Amino acid sequence: MRATPKDETDMHVNRRSFLFASAAAAGGLLVSLYLDLSAAAPERNQAPPAKVYPPDAFVNIRPDGKIVITVNRLEVGQGAQTALPMILADELDADWSQVIAQLAPAGELYKDPVIGIQMIGGSCSIPNSFQQYRELGAKTRAMLIATAADRWGVPADQCRTKDSVVYGPGNRSARYAELAEDAARRPAPTVVQLKSASQFHLIGKPVRRLDSRAKCDGSQTFSLDLDLPGMLIALLARPPVFGGRVRGFDDREARNVSGVRDIFEIPLVTGSAVAVVADRFWAAKQARDRMKVDWDLSGIDHPDSLQLFAKYKEIAQMPGNIAVRLGDEHAIDQIPAADRIQAEYEFPYLAHAPMEPLNLTVRYERDRAEAWVPSQIATWEQAAIAEVLGLRPEKVTFHVLSAGGSFGRRGTTDSHFVREAAAIAQRLPGTPVKLIYTREDDMKSGYYRPMFVHRVEVGIGPDGMPIAWKHVIVGQSFVIGTGVIQEAILVKNGVDKLATEGTDDSPYTLPNMHLSVHHPKANVPTLSHRSVGYGHNSFVRETLVDELATRAKADPIAYRLKLLKPDAKKFRTSLTLLDQKSGWRHRLPRHHASGIACSEYNGTCVACAVEVSIENKRPRMHRATLAVDCGLAVNPLSIENQMQGGLVFGLTQLMANGAITLKDGRVEQSNFDRYAPPYMPDAPVSIDVHIVPSAEQPTGVGEPPVPVIAPAVVNALFRLTGKRYRSLPLTTV
Amino acid sequence: MLLRSRRTGSVFDQAAPNANRILRSVTVMLVAGGAGLLLMSSASPQARHGDRARTRTEGLAAWQQVYSVLTSPRCINCHTATNYPQQGDDRHRHFATVIRGPEGKGVAGLNCASCHQETNADSTGVPGGHNWHLAPLSMRWQDLNDEPLSSAAVCRAITDQSKNHNLDGPGLLKHHEEEALVRWAWQPGRRPDGTMRTLPPLTHEEFVAATRRWVEAGTPCPPGR
Amino acid sequence: MATYELNVNGQRKQVNVDPTTPLLWVLREELKLTGTKYGCGISACGACTVHVAGIATRSCVVPVSLIGDRPIVTIEGIGNDPVGRAVQDAWVEKDVVQCGYCQSGQIMSAVALLKTTARPTDANIEQSLGGNLCRCGTYVRIREAIKRASGQLT
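Protein chains in written order, with numbering that gives the first Met the number 0: chain A, 0 to 732; chain B, 0 to 224; chain C, 0 to 153.
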């Protein structure tokens, strides 16, 4: 379905099939169709109109030779700010040392070309903009060549380019900087010739990040660093239970703090809060600490996570809305009890906890506004600010600033934090107001990865392979009822795909499979969290498959390879490569064991082997080997970084304090003292990454590694303790 | 590892058990001869210090009071057997993987002094005091499972001059009365949430008075492990 | 409000602030040195690490009133130090950063380590950097970069 880069010479080629391929790969943060829903109807024969991306909105070649490339993505660490310029610069034949990247403001042209809104999520920056940025580079190059060719009076096809120079016949040459102004006046071509893979000089090479130096010398500006003349700082006194409302407040002590400017109530998406505005962060914080707010907490649920787990386990006893019905749903009953595994799994709420807590700056004037936002979904957030302020979206100048991580937290469907900032700014016209969430605010503000209970029964055949798989999942949906365009695609028969991915698309041969789902409601806002449904589903799947392999006395990789469906190609390639690169697992010292797991995310497969021992009653990870199949490896260095980083991120749910819990409606963790993600001693000492060579369309890498490490570690622990670990976080070993 | 000795806790106890017995006999003779020495042996129920007489029973009772303070969180959190301090009234492991380091002051990049200054920082909730550091392992009052050691074991540890920086009875009293980090326990400052840290079960004055009574009794230790 | 004269990156700076203000916010808001970051406010993450009299210090919990005349070095100034420069170069060479928000603190802690231990072992690195949180998970590369910097310096 998807054309390989070698074959692409026309940007219209396979657009429709590409769209359908994307829709079919539904999963991840947001998947929708470009343009409108009617395009999803298979009966339609028309391809949607092709979007035009004028190069001058993306590439600016300055007279001094610097090439400024505009990136249509928020940079949160995933490296899009380097990879997309790389792709463009390669086709452009630009001198890479002269390339500078900048983040695009909110704008029509900067929308994701497949999804149709400006956003990051679903690890889709590369897959969805690979073609786009190649074309932009190729078009720009074509315009520069045409300009030079015209000047020299020679045919364009006698010109070559290299490192920001056009070379013509007879020793002629012209730098891009000399040609740029004239070239910009030419119309952009509608059809361009793209390079063949053998012509790439950046794509496929390990290229270091463009933003490294600035992030090492303190000069990189993050959203929290923004400083504007007259800027004020706002903190919110938030209700202790989600949806609580301000009944009244006493701000006399707070107003005594020097530097406080104003204190007033604002609405939240649910409930209300009190904004404390001051000229400095510390003044705002001192003032807020002195606030006495009378909260109305009546009429709202006060959730308790222990009670919720008990309730979910009860619900899991009954089948829910059907997600998968394959074969005979009673097949499991025919299998003798001795050949059945019954397992119940518990997964807690997880906080994203990016290093930079939520914050943004908004300035409101009567008929327009300006916002500076580390924005994960710029289109929606610009619209949300406009809505709060009673403006049209185009009246909101929306700058996108680099973010200190996100992992999904900055990408809400209700745009709550930008609405809060807009509401505050509205009360202080003409003044830029920076709304800051303290770490406590950030951690207690909700929008967690939902808690889940899984109840699984697996029936095993005489050959040791599973014959029947009966699975019930219980957990909140953050899509159902939101009315976003993606709801129609993600939710079918009352089942939110974001809760079932990893199970409903199992790569394993299961002749009889029954998956059903319950989506209870709870008064805890939930959200996508890096790797979304795969984070818990892959844990269940890979630990159960490990159990099957153990029973069959088979090597865990060999067993998986045998169990894989014939068309699970990337699982096969990544597991095979892992097998080749993890020979160390057969030569482990005493009291060390290895564990295997694999997972997919939006078209990328990752397989992992980890070496574990037990130290001070905790798992100690020595080495991890990862093999990844992500199609064409655009930047192998970046892929290695994301694999290593994502693996460490995936350890969070194994940490003893890796859970958000609630009691009487109140979140019990407020900072890294009680919600403790992995520090360096908790991570493997070494992580080696191996990429399956491929010329297929590139698929994303930000999320795929996250789900593999937790199951791999507990699979290793089984070999050391004889116990299976099905309840996270891992508090005892 | 914790040593199990059968020392009685007399301040005159030395490393060598034989010398111990000889000294004890000498002491008994001297006391019997009315020399008025400070010490008490297990054979003699009374000792003298100035005009005060302290029975062993009184001394042990005083010790229990001292022990109740030493094993309260404000003190015991830095008297660990492990390579980390504790914090909080629930005595959980100190966050951010802070560790002991070669001198009980943490390691480069993560020293105690990286956060703990010379005085409490109430506005940010970090306690502070002069020369903030962990008690040496010789002064551990917990086991490797973070459980407080018995009264007998702690008593032996703090009266062992080979382990306690050569402090005798008066030295211990002075330490309890004047040492900055000891006194800190009664002015432990505010937590990050603004609430005051809980104090030891006795006031500092009561603690010093109990120490004095215990020292006057010859720093007896309860029997047992 | 009180006036303090601080020694920051070799320069004398006067500030007029509430005495309880953590050094972090004085640096960021009064002196506009935003390279030092706010990650947690309770010294649990290390993003706020600076050097005070040569000791790696978590500036989010130290009120400015307790600093005195002890010299302060921030990420903006550490490049003037040969160890600082070597660490920054190693970080770039080894492509350590992802979002980068924690890295000022990581670098300042790494410099403190290398100034004490010129050839740190894996255990040294893990102990000294073990309190610096990175949600992007760059720890493996931080280890490699410290070893590289050590190699360049010794």
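Cβ coordinates follow ideal geometry from the N, Cα and C atoms, glycine included.
Just so it is clear, the structure is predicted and the values come from calculations on it, not from any experiment.
Best match in the options for proximity to residue i [C-alpha to C-alpha]
i                 : options                                   : result
Leu547 of chain A : A:Arg207, A:Glu74, A:Ala424 and A:Glu456  : A:Glu456
Pro18 of chain C  : C:Gln97, C:Gly99, C:Val63 and C:Arg11     : C:Val63
Leu109 of chain B : B:Glu117, B:Gln116 and B:Gly100           : B:Gly100
Leu235 of chain A : A:Arg559, A:Ala422, A:Ala176 and A:Leu576 : A:Ala422
Val259 of chain A : A:Arg246, A:Gly242, A:Gln285 and A:Cys629 : A:Gln285
Gly223 of chain B : B:Asp88, B:Ser150 and B:Asp145            : B:Ser150
Leu636 of chain A : A:Ser669, A:Leu427, A:Gly701 and A:Lys616 : A:Gly701
Leu143 of chain A : A:Leu427, A:Val153 and A:Thr160           : A:Thr160
Lys569 of chain A : A:Arg586, A:Gly115, A:Pro302 and A:Pro506 : A:Pro506
Glu107 of chain A : A:Thr430, A:Phe416, A:Trp294 and A:Met118 : A:Met118
Rounded C-alpha distance that separates residue i from residue j
i                 : j                 : result
Gln141 of chain B : Ser537 of chain A : 42 Å
Val611 of chain A : Thr269 of chain A : 45 Å
Glu500 of chain A : Gly53 of chain C  : 51 Å
Val191 of chain A : Leu727 of chain A : 52 Å
Glu345 of chain A : Tyr533 of chain A : 15 Å
Phe671 of chain A : Trp24 of chain C  : 20 Å
Gly217 of chain A : Asp149 of chain A : 46 Å
His50 of chain C  : Val86 of chain C  : 15 Å
Ala385 of chain A : His398 of chain A : 14 Å
Gly128 of chain B : Ala46 of chain C  : 24 Å
Leu83 of chain A  : Pro704 of chain A : 21 Å
Asn15 of chain C  : Thr437 of chain A : 24 Å
Thr81 of chain B  : Gly407 of chain A : 38 Å
Arg540 of chain A : Leu526 of chain A : 22 Å
Pro347 of chain A : Gly582 of chain A : 34 Å
Phe199 of chain A : Ala155 of chain A : 21 Å
Tyr166 of chain A : Ala56 of chain A  : 26 Å
Ala352 of chain A : Ser405 of chain A : 8 Å
Ile314 of chain A : His517 of chain A : 8 Å
Val91 of chain C  : Gln101 of chain A : 19 Å
Expected contact under 8 Å - CB spacing of residue i and residue j to nearest Å
i                 : j                 : result
Ile686 of chain A : Ala623 of chain A : 5 Å
Thr96 of chain B  : Gly129 of chain C : 4 Å
Arg212 of chain B : Arg53 of chain B  : 6 Å
Val688 of chain A : Leu576 of chain A : With 8 Å as the limit, Val688 of chain A and Leu576 of chain A do not qualify as a contact, their Cβ atoms being about 11 Å apart.
Ala109 of chain C : Ser113 of chain B : At roughly 14 Å, the Cβ-Cβ gap does not stay under 8 Å, so Ala109 of chain C and Ser113 of chain B are not in contact.
Gln13 of chain C  : Thr2 of chain C   : 6 Å
Leu631 of chain A : Ala694 of chain A : 6 Å
Cys59 of chain C  : Cys101 of chain C : In fact, because the Cβ distance is near 13 Å, the residues do not count as touching under 8 Å.
Lys138 of chain A : Pro188 of chain A : 6 Å
Residue-level contact to chain B via CB, residue i, 8 Å cutoff
i                : result
Arg26 of chain C : Looking at the sequence provided, one finds Leu at residue 26 of chain C rather than Arg. Cβ-Cβ to chain B under 8 Å: no for Leu26 of chain C.
Arg57 of chain C : yes
Cutoff 8 Å: residue i Cβ touching any chain A Cβ
i                 : result
Phe206 of chain B : no
Lys31 of chain C  : yes
Met0 of chain B   : Confidence at Met0 of chain B is low in this model, with a pLDDT of 37, below 50, so its placement is unreliable and the value that follows should be read with caution. Taking Cβ atoms only, chain A never reaches closer than 8 Å to Met0 of chain B, which makes this a no.
Thr96 of chain B  : yes
Cys4 of chain C   : Sequence check: residue 4 of chain C is Glu here, not Cys. No, Glu4 of chain C lies away from the interface with chain A (no Cβ there is under 8 Å from its Cβ).
Ile74 of chain C  : yes
Thr137 of chain C : yes
Short CB-CB distance (under 8 Å) between residue i and chain C
i                 : result
Val372 of chain A : no
Trp213 of chain B : no
Leu231 of chain A : no
Pro221 of chain B : no
Pro101 of chain B : no
Cys123 of chain A : no
* Under 9 Å (Cβ pairs) to chain C, residues found in the region 280–313 of chain A -> Phe280, Trp281, Ala282, Lys284 and Gln285
* Going along the region 255–269 of chain A in order, which residues come within less than 7 Å of chain C, judged by CB to CB distance? -> Ser257
* To do: Below 8 Å between beta carbons is the criterion; list the residues of the region 95–115 of chain C that meet it against any residue of chain A, in chain order.
  => Val95, Val96, Gln97, Cys98, Gly99, Tyr100, Cys101, Gln102, Ser103 and Ile106
* Asked: Closer than 7 Å, Cβ to any Cβ of chain C: which residues of the region 177–209 of chain A, in chain order?
  -> Hits within the stretch, in order: Arg207 and Arg208.
* Asked: Quick one, which residues of the region 667–694 of chain A are near chain B if we go by CB-CB under 9 Å, in chain order?
  -> Ser669, Asn670, Phe671, Asp672, Arg673, Ala675, Tyr678, Met679, Pro680 and Asp681
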